[in-house]
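Take the sequence shown: its letter number 73 is residue 101 in the numbering used here, and every next letter is one higher. Inspection log for the structure reproduced underneath, given as structure tokens.
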Amino acid sequence: MVLNLRVKTLIVSTGARWREIGVPGEAEFKNKGVAYCPHCDGPLFEGKDVAVIGGGNSGVEAAIDLAGIVNHVTLLEYNSELKADEVLQKRLYSLPNVTVLTNAKTSEITGDDNVNGLKYVDLESGDEKHVELAGVFVQIGLIPNTDWLGDLIDRNKLVRL
29 MVLNLRVKTL
39 IVSTGARWRE
49 IGVPGEAEFK
59 NKGVAYCPHC
69 DGPLFEGKDV
79 AVIGGGNSGV
89 EAAIDLAGIV
99 NHVTLLEYNS
109 ELKADEVLQK
119 RLYSLPNVTV
129 LTNAKTSEIT
139 GDDNVNGLKY
149 VDLESGDEKH
159 VELAGVFVQI
169 GLIPNTDWLG
179 DLIDRNKLVR
189 L
């Protein structure tokens, strides 16, 4: 049976996937220390040091949640200041086991069999630095799963949050 409908608007709900940072080591260490869901994978890093990449609401919320589980969280933000809501930033800065690095461009995720660290460039000094840790949570947004549509239909502009 073929159903033929005419509509003015069609909402296609195909979900989304995590945006990747695209640095060396990310693909190699996916599920070996690189994670995208702090709620799913956070408990695996209990008592360990981790990083969160992303200073928007998602990144700051992830860092706050992880701080209650892990030993230490290092949050890295590319820009000179966090983009998260003020109330989230206040909570984040109140936590004793969180370090916030701004002007920090992640350049590589390092490891052997599993993640053992993260390299970043300090955009103020130009120096490359290394942080030893067991896990990296990438929190830089989502990408809609609409690639398969190609140019068949008009879509909303992709907004990076």
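The beta carbon of each residue, even a glycine, is placed where N, CA and C say it ideally should be. All figures in this text were calculated on a predicted structure; none of them were measured in a lab.
- Following the DSSP letters along the chain, one finds I81 inside the beta strand (DSSP E) bounded by residues 77 to 81.
- Measuring C-alpha to C-alpha distances from G50 to each of D175, I168, T174 identifies I168 as the nearest.
- In the DSSP assignment, Y148 forms a beta bridge with T134, K157.
- From the listed residues N125, H100, Q117, the smallest Cα separation to F73 is found for H100.
- For K58, the pairing in a beta bridge is given by DSSP as V62.
- The segment 135 to 144 makes no contact with the segment 107 to 117: fewer than 3 CB pairs, one atom from each, lie closer than 8 Å.
- Per DSSP, the beta bridge partners of W46 are L170.
- Counting along the chain, the unbroken beta strand (DSSP E) around V128 starts and ends at 126 to 129.
- DSSP links L104 through a beta bridge to I81, L129.
- Residues of the same chain with a CB within less than 6 Å of the CB of A90, apart from the 5 flanking positions on each side, are P66, V80, F165, Q167 in chain order.
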